[in-house]
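Asker:
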Amino acid sequence: MARGASVDLPDSRGWTPLFWAAFNGHADIVSFLIGRANHDVRNSDGEWPLFWAAYKGHTSVVRHLRIGGAKRNQLDADGHDELRLAQMLGGTTSSPSSKDGAPNVRSILLPETPTVHFDPVATQTSRKTHGCRNLVG
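In case it helps, the UniProt record's numbering puts the sequence shown at residues 1 to 137.
Have a look at this one:
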């Protein structure tokens, strides 16, 4: 890189250094590359670094990619996005190669949802609110 080498130079399969780092769960390398490399680059199979990080259950890598601006909701050739790939790991289990686990990956990929505060007093006094005092988003 000091001599001007491109961090986006792909190998014969279209995998860049960021692909390999995301695939293998090297969060430190992903963190280094994220500001220098194209994080939404596609390989010859239409996959991208976030795709592999999610599928492999590499929570730290997914977090770095998302914070670095990697786009969500991209689709692979089979129509799967990265959240679906994380769900394919199944329930609360993770792939054998995963260090961090699928449930954590899903929590990073899911959009924030508002918190509903239940107030039992309001339920007894007012049927209009159904016990929901307010939403905090």
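Even for Gly, the Cβ is constructed at its ideal location relative to N, Cα and C. Everything numeric in this text was worked out from a predicted model, so none of it was measured.
Please name the residue in HIS26, ASP45, GLY25 whose C-alpha comes closest to that of ASP78.
Answerer: The residue you call residue 78 lines up with position 78 of the sequence shown. Minimum Cα distance to ASP78 is reached at ASP45.
Asker: Under a three-way DSSP split, which group does VAL7 fall into?
Answerer: Numbered from its first residue, the sequence shown carries residue 7 at position 7. The answer is coil: DSSP assigns VAL7 none of H, G, I, E or B.
Asker: Note down, one range per segment and in chain order, each alpha helix (DSSP H) of at least 4 residues found wholly within the region 11-74.
Answerer: You should have 17-24, 27-33, 49-56, 59-67.
Asker: For ASP76, tell me which candidate among VAL41, ARG66, LEU65 has the shortest Cα-Cα distance.
Answerer: As a first step, residue 76 is located in the sequence shown; it is residue number 76 there, counting from the start. Here the closest residue by C-alpha is VAL41.
Asker: Under three-state DSSP, which class holds ALA86?
Answerer: As a working note, residue 86 is residue 86 in the sequence shown. Helix, per DSSP.
Asker: Have a look at GLY35, ARG63, THR16 and flag the residue whose alpha-carbon is nearest the alpha-carbon of TRP48.
Answerer: Counting from 1 along the sequence shown, the entry for residue 48 is found at position 48. If we check each option's Cα against that of TRP48, THR16 comes out closest.
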